[in-house]
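Q: Can you read through this structure? Questions will come right after.
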Amino acid sequence: MPFYHKLGEIPRVKHTTFFKPDGKSLYREELVSSKGFSGIYSNIYHHHLPTAVKSVKEIPAKPDTNWPEAPLLYFHFFTDDSTVEGNFIDSRVAYLNNPHCEIITAKVTKDSDKFYRNAQAAEYIFVHRGSGVLLTQFGINPFGPGDQLIIPRATTYQLKFDNFESNKLLIIESDTAFEIPNHYKNEYGQMEEHAPYCERDFRPPEYCAPHSDSGEFQIIVKAKNRVFDHIVPHHPFGVVGWDGYLYPYVFNIKDYHPKVGRIHLPPPVHLAFKTSHFIICNFVPRLFDFHESAIPAPYFHSNIDSDEVLYYVEGDFMSRKGVKEGSITHHPGGMPHGPQPGKTEASINVKKTEEYAVMIDTYSPLLPTLHVKDVLDKDYAQSWL
Ligand SMILES: [Fe+2]
Numbered sequence: 003m004p005f006y007h008k009l010g011e012i013p014r015v016k017h018t019t020f021f022k023p024d025g026k027s028l029y030r031e032e033l034v035s036s037k038g039f040s041g042i043y044s045n046i047y048h049h050h051l052p053t054a055v056k057s058v059k060e061i062p063a064k065p066d067t068n069w070p071e072a073p074l075l076y077f078h079f080f081t082d083d084s085t086v087e088g089n090f091i092d093s094r095v096a097y098l099n100n101p102h103c104e105i106i107t108a109k110v111t112k113d114s115d116k117f118y119r120n121a122q123a124a125e126y127i128f129v130h131r132g133s134g135v136l137l138t139q140f141g142i143n144p145f146g147p148g149d150q151l152i153i154p155r156a157t158t159y160q161l162k163f164d165n166f167e168s169n170k171l172l173i174i175e176s177d178t179a180f181e182i183p184n185h186y187k188n189e190y191g192q193m194e195e196h197a198p199y200c201e202r203d204f205r206p207p208e209y210c211a212p213h214s215d216s217g218e219f220q221i222i223v224k225a226k227n228r229v230f231d232h233i234v235p236h237h238p239f240g241v242v243g244w245d246g247y248l249y250p251y252v253f254n255i256k257d258y259h260p261k262v263g264r265i266h267l268p269p270p271v272h273l274a275f276k277t278s279h280f281i282i283c284n285f286v287p288r289l290f291d292f293h294e295s296a297i298p299a300p301y302f303h304s305n306i307d308s309d310e311v312l313y314y315v316e317g318d319f320m321s322r323k324g325v326k327e328g329s330i331t332h333h334p335g336g337m338p339h340g341p342q343p344g345k346t347e348a349s350i351n352v353k354k355t356e357e358y359a360v361m362i363d364t365y366s367p368l369l370p371t372l373h374v375k376d377v378l379d380k381d382y383a384q385s386w387l
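Each residue of the sequence shown is one higher than the last, beginning at 3 in our numbering.
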C-alpha cells in the first residue's frame with residue numbers, strides 16, 4: 003500500500019510495554035510483515051494472544067475440477083449463468099488457474115458468521131454487484147459496485163452484504179502481493195502526476211471498536227487446494243490499534259483516470275495493479291484515439307508469452323460480439339486474437355466508449371476448469387469465420 007496508516011491505540015515506541023487499562027495485563031503486539039522483514043509491514047496490538055487455536059480440522063477437498071484435456075482455444079463463458087450460490091466463502095467458482103493465480107466468480111446469496119483467511123494467496127475482489135462491508139482486524143472497508151478490494155495474504159476477514167438480491171464478485175487469488183506499479187510512483191513512493199489515480203482515491207480501513215469477546219470462532223483457512231477449519235477462543239478482530247503499510251484497501255474502477263492517444267494505445271495504459279506473475283487493467287469510459295484515420299478497435303495481435311482474460315462489467319464492449327455483463331473471455335498465449343468480423347469497421351469514427359471491464363494478463367498459461375464447460379459460449383471459438 004502506498005502510504006502509512008494508523009488506527010486506534012498504539013504505544014509511543016514499538017516493542018515496548020503496552021498495558022491494558024488495568025495497568026497489569028499487556029496488549030499483545032504482532033508484526034505482520036512481507037518478504038521476510040524486507041517488505042511492507044504493520045504492527046498490530048491484540049487483546050489476546052493471536053496464536054491461540056482450540057482445534058484444527060481439515061475440510062474434505064471438493065471434487066477435482068481440473069480439465070486437463072481442455073483444448074488450446076479461445077473461450078467465452080457466461081459466469082452470471084452459473085447456478086452455484088452460497089455465502090462469501092462457499093459460493094466461489096474457479097474458472098481459470100495456473101500455479102500463480104486463480105480466477106473465480108461468486109454469487110453471494112447468504113450471510114455467514116464464519117471468518118475466512120487465505121493463508122497462501124493475496125486476494126483481489128472486484129465488486130460487480132452488491133454492497134456491504136469488508137471486516138478485518140484492521141477495521142472496516144465499506145464497499146459498493148465497482149470497488150476493487152485488495153486483501154493482503156493471510157488477512158482474516160468477513161464480507162457482510164447489505165442484501166442478497168444480486169451480489170456478484172470477481173475474485174483473483176495471487177501467490178504474490180497486488181501492488182501499485184513502480185512507474186506510477188516517484189522515488190519517494192508518492193504517486194506521480196501521470197498515474198491514473200492518486201492517494202486520495204485509495205480507501206484504507208476505517209476504525210472499528212475492538213471485539214474483546216471470547217468463545218468459539220470459526221475461521222476457514224485456505225492453503226492452496228487444502229482447506230482447514232480453525233476454532234479460535236477469541237474474536238479474530240480483537241485489535242485495539244495498529245499502524246503500518248500492510249492493510250486491505252479499496253479502489254473503485256470509476257475513479258480510474260484513463261489515458262487516450264492519437265492512435266490505439268495497448269493495454270499497459272490501462273494498468274491498475276501488478277503482481278510478480280500477472281497484471282490487472284481497468285477499462286473505463288473514455289474518448290477514442292484522435293488521429294483523423296485512427297481505428298479505435300484493437301489490431302490483431304499475438305501474445306507469445308501471456309494469456310489475456312477479460313471480465314466484462316457494463317457498457318458495450320467495442321471489440322467483442324456476444325459478450326454480456328459477467329462474461330469472461332480467455333485468449334491463450336501463442337494464438338493471435340483481435341476483433342470479430344465487422345467490429346473493426348464499426349469502430350471507425352466512433353468518438354468514445356462507455357465500457358467497463360477488468361483485464362487480467364498472466365505470464366504463465368491458464369488452464370480452464372470444468373466449470374467453464376457449464377456456462378460456455380460454444381460458438382465463440384469459431385466466431386471469426
Ligand atoms: Fe489483446
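Every residue gets a Cβ at the ideal spot worked out from N, C-alpha and C, and that includes glycine. These figures come from a predicted structure and were not determined experimentally.
Anyone know if the C-beta pair for T277 and A124 falls short of 9 Å?
A: Cβ distance < 9 Å, so T277 and A124 count as in contact.
Q: For K26, would you say it is in contact with chain D, using Cβ-to-Cβ distances shorter than 9 Å as the test?
A: Checking the listed chains, one finds no chain D in this structure; it contains a single protein chain.
Q: Starting from the Cα of F128, find the closest Cα among L98, L171, T157, H266 and give me that residue.
A: If we check each option's Cα against that of F128, L171 comes out closest.
Q: Could you compute how far the alpha carbon of S216 sits from the alpha carbon of F21?
A: Rounded to the nearest angstrom, the two C-alpha atoms are 19 Å apart.
Q: Between which two residues does the beta strand (DSSP E) carrying A225 extend?
A: Element bounds for A225: 216-225.
Q: According to DSSP, simplified to helix, strand and coil, what is V374?
A: In the structure shown, V374 sits in a helix (DSSP, three-state: H, G or I).
Q: Whose beta carbon lies closer than 7 Å to any heavy atom of ligand 1, going through the chain in order?
A: Listed by chain position, these are P269, P300, H303, N305, E310, H333, H339.
Q: Determine, using beta-carbon pairs with one atom in the region 34-51 and one in the region 232-246, whether at least three such pairs fall under 8 Å.
A: The region 34-51, when compared against the region 232-246, does touch it at the 8 Å Cβ threshold.
Q: Could you say if the region 304-317 and the region 329-345 meet the contact criterion of at least three C-beta pairs nearer than 8 Å?
A: Short answer: they touch.
Q: Assuming I174 contacts Y126 (C-beta within less than 8 Å), just tell me the rounded distance between them.
A: Right, the Cβ-Cβ distance comes to about 4 Å (below 8 Å), so this counts as a contact.
Q: Identify the continuous beta strand (DSSP E) that holds T364 and give its terminal residues.
A: Where T364 is concerned, the enclosing beta strand (DSSP E) stretches over 358-364.
Q: Taking 9 Å as the threshold (C-beta atoms), are V110 and F163 in contact?
A: Taking 9 Å as the Cβ cut-off, F163 and V110 qualify as a contacting pair.
Q: Using a Cβ-Cβ cutoff of less than 7 Å, which residues in the same chain neighbour F80 once the five nearest sequence positions on both sides are dropped?
A: Cβ neighbours of F80 beyond the five flanking positions: K326, G328, S329, V377, D379.
Q: Per DSSP, L1 is paired with what?
A: In this structure the chain extends from 3 to 387, so residue 1 is not present and cannot be described.
Q: I need the DSSP call for V271, collapsed to helix, strand or coil.
A: The answer is helix: DSSP assigns V271 an H, G or I state.
Q: Answer yes or no: do A299 and I265 have a C-beta to C-beta separation smaller than 9 Å?
A: Contact flag unset, no.
Q: Quick check on the DSSP output: the alpha helix (DSSP H) that includes K345 runs from which residue to which?
A: Taken as a continuous stretch (DSSP letters only), the alpha helix (DSSP H) holding K345 covers 345-349.
Q: DSSP on K256, reduced to helix/strand/coil?
A: Note: K256 maps to helix in three-state DSSP.
Q: Just list the residues that DSSP pairs S93 with in beta bridges.
A: In the DSSP output, where bridge partners are listed per residue, S93 has none listed.
Q: Out of V262, G146, Q150, which has the shortest C-alpha to C-alpha gap to L289?
A: Checking every option, the nearest Cα to that of L289 belongs to V262.
Q: Beta-carbon within less than 8 Å of P147's beta-carbon, same chain only, minus the 5 sequence neighbours each way: which residues are those?
A: So the qualifying residues of the chain are V129, H130, R131, G132, S133.
Q: Just the Cα atoms here: how many angstroms apart are E32 and K56?
A: Spanning the two alpha carbons is a distance of roughly 19 Å.
Q: Opposite S304 in the DSSP bridges: which residues?
A: For S304, which the question treats as bridged, DSSP gives the partners P338.
Q: Could you tell me which residues DSSP puts in a beta bridge with A210?
A: Note that residue 210 is Cys in the sequence shown, not Ala. Paired residue(s): none; C210 is not in a bridge.
Q: Tell me whether the beta-carbon of L75 lies closer than 9 Å to the beta-carbon of L369.
A: Contact flag unset, no.
Q: Are there any heavy atoms of ligand 3 lying less than 8 Å away from the beta-carbon of E32, as far as the coordinates show?
A: Inclusion of ligand 3 in the displayed structure is not the case, the ligand content consisting of ligand 1 alone.
Q: Leaving out five residues on either side along the sequence, give the residues of the same chain with a beta carbon under 7 Å from the beta carbon of D318.
A: So the qualifying residues of the chain are E356, E357.
Q: F204 and V252: beta carbons closer than 9 Å?
A: Yes.
Q: For a test of the three-state rule: what should DSSP assign to H2, helix, strand or coil?
A: The chain is shown from 3 up to 387; residue 2 falls before or after that span and cannot be answered.
Q: For a test of the three-state rule: what should DSSP assign to D149, helix, strand or coil?
A: If DSSP states are grouped into helix, strand and coil, D149 belongs with the strands.
Q: Given V1, which residues of its chain have a CB within under 8 Å of its CB, disregarding the five upstream and five downstream residues?
A: Any property of residue 1 remains undetermined from this structure, which presents the chain solely from 3 to 387.
Q: Residues in the same chain with beta-carbon distance under 8 Å from I153, minus the five sequence neighbours each way, listed in chain order, please.
A: Excluding residues within five positions, the ones whose Cβ falls inside 8 Å are N120, A124, E125, Y126, I127, L136, T138, Y159, P250.
Q: Roughly how many angstroms lie between the CA atoms of S385 and G324, to the nearest whole one?
A: Rounded to whole angstroms, S385 to G324 spans 10 Å at the Cα level.
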